Every structure is written in C-alpha cells, then in structure tokens.
Amino acid sequence: MNRRMTLALAGNPNSGKTTMYNALTGARQRVGNYPGVTVEHREGDTRHNGNDITIVDLPGTYSLTAYTPEELVARDYIVEKRPHAVVNILDATSLERNLYLTLQFMELGVPVVLALNMMDSVHKQGKEIDTTLLAKRLGLPVVETVARTGGGKKELLEEAVAYAEERRGSWEPLAISYGPDLDPVLKKMVALIEESRFMVERAPARWVAIKYLENDAQVVKMGERHDAEVAGKLLKMADDVARHCRSTLKISPESLIADYRYGYIASLMKEGVIKTIRPQERLDFSDQLDRVLTQQFVGPAIMVGVLYAIFYVTFAIGEIPMGWVEMFFEWLSGAVGGALPEGLAQSLMVDGIIGGVGGVLGFVPLIAVMFMMIAFLEDSGYMARMAYMMDRVMRAFGLHGSSVMPFIVSGGIAGGCAVPGVMATRTLRSPKEKLATVLTAPFMSCGAKVPVIILLAAAFFENSAQVMFYTVLGGWVAALVVAKLLRSTIIKGESTPFVMELPPYRMPTVRGLLIHTWERAWAYIKKAGTVILGISILIWAMMTFPGLPDKDVANYQAQRTIAETTLSADALEERLATIDNEESQHALQHSVAGRIGTTMESVTQLAGFDWRTNIALLGGFAAKEVIVSTLGTAYSLGEVDAEEADGLSARLASDPSWGVATAIALLVFVMLYAPCFVTVVVIARETSWKWAAFSVVFNTGFAFALSVVAFQMTRAIMG
Ligand code: GDP
Ligand code: MG
C-alpha cells in the first residue's frame, strides 16, 4: 500500500534532531552543539517500503507551554498540522530530563515514537537502557539510535510508520494526576470545556484545562477569541486555584504541575530501566574538561587565547591559497585585457567584473579556513561554554546570556552574518533585551567586513592577525557599550534570569565540519556571483559615465603630442604614464560616482576618506562585500603601469593619500556604520521599521563620529 505520511521530529535542543533529520532525508542541514540552531521548522522527503514520507525538523523545546518562540513553533505545528506521528528524539544520556517533553506529548495525545538517541554515549558511560521495559511502561514504541552514524534509523522509520498506521490519526491523551489541589478543579474545567465544546477541535479538553492552569499566554488569548464567556469562567477557576496554591503550598500551579510530571517520570524510570554495567570510576570527560575550561579565571584567559589562535592560524594557513587566487585573477585580467581591444568592453570586463568580483572571491580561501575553525568550536561544544562565560559580562551591559549567540552568529568571532544573527535573537524572551541585541549585533565582524579588515591590515600594519583580533574585539566593545547606553536610556528595563544547558564536549566529525565550512563559503561565493556582480557593474557604470568632454580629451592628447616631440625615450615613457594617470583620475572624478564622492568629501575628509573611499562606502550599504570590490575598481581605473599592479593592498599602501590614520578610521567606520540592506530588512521584520531606520541613522552617525576621532587622534600622535 502506498501512503503519504508526515513524521515530525521533536525533542529538547541538542538531542540530535537535525542530525537524525539529515540521516533520514540525506539533507545537509546545520547541526550545532549548542541550543537554538533551528528556530523555524524544515521539511524533507524520504521513502520507506513504498511510502512517501515527509520528515519535519522542529525547533528544540523543553516543554509545550508557550514560553519561547521555539516552543510555540513546535506546538503550533503539531496541533495545527497534525503529523501522522511525532518522532521524539531524546538524549538518552539524560533520559529523565528528556522524558519531561515526552510526557507532554502523551498528555496532548498525539501518536509518539521515542528515539533514544546518543546510545553510543550511554554505552560509553557503562550503561544500558531496557527499552522493552520502558516501552511497556509508556505504552509507546521505543527505538535506540545513534543519529550521528545513522544507527537505528531504519528501525525508527519502521516503528514510526507502523505505529502511525495503527493509530490512524487518533489522539489518545494521557491523564495523569496533579494531586488533591489541582485534580478537582481540572475535573470541573474539563466538564465545562466539553459541555460548551470550547476549542475542542484544536486540542483535548484536559490539555486545554492544564494550559489554563499553567497560564499559557497563547491558549488564553485564543480562548478569549473563541468564546469569551467560557474563557472568562476558566480564567476565574484558574485564578482561584492559583491563589489557593500560593497561600497554602507557597507554590504556583505551574510549578506544582511540573513537580507532578517529574514525579510521574521518576516512577516510570524506577527499577531497572537504566542499568549500570560498569561503574564509572572517573569523572565524566566533559566535567573534567569544564573544571579547567570554564574555571572562573583560567576559563576566560583560555577563551581569549583560543580566539587569538584562530586568527593566527587563519592567516598562517589561509594566506597561501589566497595568494594563488589573487595570482589567478591578475593573470585573468591580464589575459582578458590583452584579448579585448581597448575601450568600454575591456574596461567593463577587467575593471568592473574581474576587479570587483575577483576582489571578493580572493578572500574565499581565508574565509573558508576561518569558518572551519568556527565550525569546530560550535560542534565541539566549546561555543556554548563561551556563551556561558560571557553571561556575567552580558548582564553587566543590560543584555542577556542568550544575547551571546546572536553576537557570535553575527560575527563575534569574525566571519558570521548579521542576518541569521538578528534572527537568532528570537530565543530572547524579554523584548527589551531582544531589541538591544538586535540593534547591536550588526557591530560584529561579519564575513563581509573581514576582507576589508584583511585588506587594510595587509597594507598598513605589520601583524595582520593582531589587527584582526583587535578589530573583532572592538566590535564587541562597541556592541556592549552601545547596548548599555540604549538599556539605560531609550530601552530601560529589568533583566531576566538566564538558564542554558552546557552540552557535553564532543569530537566534531570531519563530515560535519566540511558541511558547515562549505555551506558558509558557498553562500559567500554565491553572493559574489549575484548581488555583488550586479552592484559591481552598476558602480563601474557610475564610475565610467559620463566620460570626459571632448575638449578635455583633446587637451590630454595635445599634451601627449608635445611630450612625444620634445622628450627623450626614457623621459617620454614616464611623462606619458603621468598624463594617462591624470586623465583617468580626471575622468573618474568627472563621473557620476566621482561627483557624489567628491561632494561628500567636504565632510568625510574629517575622517580622512577621499571621494573614492566614499563611493565604496556608499556601495557598502547594499552589501559590505562591495566595499573591497569598489575600492578595487576605483583604484584599478586609476591604474597606469600594469607591471606595478600587485594587489589592491600594495596599491593603497603606496597611494600618497592613504596612511595608517586613514586605515584606522576606515576600519572603525566599516565596523560600525549602517547595517547592510538585507540586515536592515530583517531588523524591521524582527522589530519595526522605526527601529530599522534608527539603526541606519544612529549607527552611521556613531561610526562617523568615532572615525573622525580615530583619524584626528592617530594623525596627531603619529605627527
Ligand atoms: P538538535 O539541536 O536536536 O537539532 O541537535 P543536533 O542534530 O544539532 O545535534 C547536537 C549535537 O549532538 C551535534 O554535535 C551532533 O553531532 C551530536 N549528536 C547527534 N546525534 C548523536 C549521537 O547519536 N551520538 C553522539 N555521540 N552525538 C550525537
Ligand atoms: Mg537542530
């Protein structure tokens, strides 16, 4: 029989859902050894015994109460889409804690199949789990899996399909006792709900009643809309019993409910579910490592060391292939330039396309190396430790421990992107902390800023790794200081407490590392081939048109003729080069872009930016990658002697209008000014257009003020 079937993977964060999803569907979604990677659900297909099966990867949740956006996404999916079965992935190394969610599925009544994942780790701890016994006590199929190697995935599919067919979409809610204080009220609420058919088409009566006791914001709101009268009665019942619980037991109904659930699970786990085969003689490996790596003083010191090492290694390894790529593009522009006749087409190809896109692609090897190391930090579990250690710091600046992840995703270790970074703020519960995080995450060193940093570092400083390190650090300082500023002025308010679990350390798999590295590098390359190509051509056109008036062209031609008749061969060559250079500079200045850049110069010169830099920075509003490509185009348009062209860095270094002060000012500005267009759109979506506009205006003003200070100070100090 051929059927279509939908199975939803659900479970606690970090239990291996995405890994299982990838194993089942052959997809290559990001897995990460820290909570909060999946916020939206995604779907993929697989086949099993002639059945077409859609697998859905839901965000990780600890409960089904509407506490966090993840919980809402997961719950709404299950309640509204009614998958044929929920495949509950559990981290079997902490079975009791993971069963808390399972129990809530059972109370909801949806068909559930359990995958006890990470069985390899359980065995390593010298333990066994009696799945037959557990399955009998729960009344649900239980399968042992190792998602990482795909172990047990076939059995899991088989069980899930068979169970879904057996249940035929029927929901069978489990009713557990919540004790003498809540049970009588629950009974009355259920009676009322059933009798008035209140929201019955959505969820089981008892479940709705429990949600009222738990004071679930979403259910309360929907109930209000569904039938305000019944909703009012239910709310009153819930309020009364809450007051009663608080006065007699000094506890809220929510906590009471949680206590009874844990009690129920404890009774399930009693006697023989987990068996210890070999006693564990030493401390768990993760705990041992954490004694050092998250130690109060040593931990942060190691963290800084690790970050520095990343930059050091990136440059030490990455520079070699980067040289090759640069050489290739130089060869390419030489070859293409030679093949095409001088004129517009040649200029478009060589200056516009190869100069622009090549400038961006030149950084691919370096960025790939860096991505690889960041992927290692994520997958190994160290990233979560960094978040943990930074929590106290975050708090001091009016942010939240969970703000660390958006910062890191945005480029807190260089090479991220503010777009997913801003989206990652969805894990923040307090709207004020979320807003402060959204507004400051774009200060981090995203992958598009990295080439600018590398370019300037190579041109004006001795030690590139050091420059990178301090720039990235500078991004953090700016983010934290601005966050503090915002949180003590326009977004004042209390801080909320932080709970985050530290996942165990795990050796990342080579496959996982390569997938992560490739995904990010590919996203970067794709952008170079599309958005950046388009903007490069646009900017090239703005820098080319309108051309010089005939009168000026004739004037330069006349100068050449004079030189040819009056100078000796040696002097002539030099003189002609100078004339060519003057002409192209003049032409560039005469172009649309040149005029815009020149007009702005009167202000931007305070920070040492000339009109060519202005053009590049304007382009950077569209995408920060464009900064380097535009500088490349602007400075190759002014190029005269092809033999001297050894990279943009060298060109900038030898340009008389550039210096260390300009470089520092530009670094400051690029790090801090308006987020790129896509980020602005995402900020608007996560907050409002008002705040998105704020981030453009405020960041640009702030960046400019700081870069003026940086420029003037450096110049004063260096004389
Ligand atoms: P999710 O948050 O539930 O989607 O979890 P992920 O799929 O992102 O996995 C979290 C971490 O657990 C990753 O580092 C995985 O490599 C690792 N992992 C997943 N399944 C297993 C397993 O069966 N055994 C072990 N040892 N590690 C696993
Ligand atoms: Mg996931």
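All the letters of the sequence shown, read from the start, carry residue numbers 136 to 854 under my numbering. Note that CB positions come from ideal geometry on N, CA and C, so glycine has one too. The structure displayed is predicted, hence computed values, not measured ones.
Residue i - partner residues in DSSP beta bridges
{"i": "Leu225", "result": "Leu251"}
{"i": "Val281", "result": "Gly286"}
{"i": "Ile409", "result": "Ile264"}
{"i": "Asn855", "result": "What the structure shows of the chain is the stretch from 136 to 854, and residue 855 is not part of that stretch, so it cannot be assessed."}
{"i": "His183", "result": "Asn186"}
{"i": "Met140", "result": "Ile188"}
{"i": "Gln178", "result": "Correcting the residue type first, residue 178 is Glu in the shown sequence and not Gln. Answer is Val191."}
{"i": "Cys581", "result": "Gly551"}
{"i": "Ala220", "result": "Leu142"}
For residue j and residue i, believed in contact at Cβ under 8 Å, the rounded distance
{"i": "Val191", "j": "Leu238", "result": "No, Val191 and Leu238 are not in contact; Cβ-Cβ is about 21 Å, not under 8 Å."}
{"i": "Thr266", "j": "Val277", "result": "5 Å"}
{"i": "Leu317", "j": "Pro204", "result": "Contact doesn't hold; Cβ gap of about 28 Å is too wide."}
{"i": "Thr160", "j": "Asp180", "result": "6 Å"}
{"i": "Leu193", "j": "Ala250", "result": "Contact flag wrong, Cβ pair sits at about 14 Å."}
{"i": "Glu726", "j": "Met677", "result": "As written in the sequence, residue 726 is Ser, which differs from the Glu given in the question. At roughly 6 Å, the Cβ-Cβ gap stays under 8 Å, so Ser726 and Met677 are in contact."}
{"i": "Ala838", "j": "Phe804", "result": "5 Å"}
{"i": "Pro308", "j": "Leu243", "result": "6 Å"}
{"i": "Ser132", "j": "Gly185", "result": "The structure shown does not extend to residue 132, since the chain is modelled only from 136 through 854, so no value can be given for it."}
{"i": "Pro586", "j": "Ala553", "result": "Pro586 to Ala553, Cβ: 16 Å. No contact."}
Which of helix, strand or coil DSSP assigns to residue i
{"i": "Pro170", "result": "Reliability of the predicted coordinates at Pro170 is poor, the pLDDT of 48 falling under 50, and the value obtained from them is presented with this limitation in mind. If DSSP states are grouped into helix, strand and coil, Pro170 belongs with coil."}
{"i": "Trp552", "result": "It is Cys, not Trp, that sits at residue 552 in the sequence shown. Coil, per DSSP."}
{"i": "Gln431", "result": "coil"}
{"i": "Arg272", "result": "helix"}
{"i": "Ala845", "result": "helix"}
{"i": "Lys759", "result": "coil"}
{"i": "Phe464", "result": "helix"}
{"i": "Asp351", "result": "coil"}
{"i": "Met155", "result": "helix"}
{"i": "Arg730", "result": "helix"}
{"i": "Asn598", "result": "coil"}
{"i": "Leu570", "result": "helix"}
{"i": "Val335", "result": "coil"}
{"i": "Met457", "result": "helix"}
{"i": "Arg360", "result": "helix"}
{"i": "Phe837", "result": "helix"}
{"i": "Lys825", "result": "helix"}
{"i": "Met793", "result": "The sequence shown places Trp at residue 793, not Met. DSSP places Trp793 in coil when its eight states are reduced to three."}
{"i": "Lys368", "result": "helix"}
{"i": "Thr200", "result": "coil"}
{"i": "Gly497", "result": "coil"}
{"i": "Pro541", "result": "helix"}
{"i": "Ala851", "result": "helix"}
{"i": "Cys380", "result": "helix"}
{"i": "Glu778", "result": "Model confidence at Glu778 stands at a pLDDT of 40, short of 50, so the residue's coordinates are unreliable; what they give is reported in the following sentence. Looking at Glu778 - three-state DSSP - the assignment turns out to be helix."}
{"i": "Asp745", "result": "coil"}
{"i": "Ile672", "result": "helix"}
{"i": "Val245", "result": "coil"}
{"i": "Met642", "result": "coil"}
{"i": "Arg303", "result": "coil"}
**Q.** Three or more C-beta pairs below 8 Å linking the segment 825-843 and the segment 713-721
**A.** no
Q. Would you call the segment 212-231 and the segment 362-380 touching, i.e. three or more CB-CB distances under 8 Å?
A. no
Q: Decide yes or no for the touch test of the segment 538-549 against the segment 687-695: beta carbon pairs closer than 8 Å, at least 3 of them.
A: no
(Q) So, does the segment 504-522 touch the segment 611-622, judging by three or more C-beta pairs under 8 Å? (A) no
Q) Does the pairing of the segment 590-607 with the segment 473-480 give three or more beta-carbon distances under 8 Å? A) no
Q. Are the segment 565-576 and the segment 644-651 touching, with three or more C-beta to C-beta distances below 8 Å?
A. no
Q | Stretch-stretch touch, CB-based, cutoff 8 Å, three pairs: the segment 841-852 with the segment 735-745 | A | yes
Q.
Three Cβ pairs or more, each shorter than 8 Å: is that satisfied between the segment 350-362 and the segment 320-337?
A. yes
Q. For the 8 Å Cβ check, are there 3 or more pairs between the segment 428-439 and the segment 584-603?
A. no
Q | Three-pair Cβ contact test at 8 Å for the segment 494-501 versus the segment 758-766 | A | yes
Q.
Any contact between the segment 449-458 and the segment 498-505? By contact I mean 3 or more CB pairs, one from each, below 8 Å.
A. yes
**Q.** contact_flag[the segment 227-246, the segment 360-370] where n(CB pairs < 8 Å) is 3 or more
**A.** no
Q. Are three or more beta carbon pairs between the segment 502-510 and the segment 477-486 nearer than 8 Å?
A. no
Q.
I want to know whether the segment 703-716 touches the segment 662-671 - three or more CB-CB distances under 8 Å.
A. no
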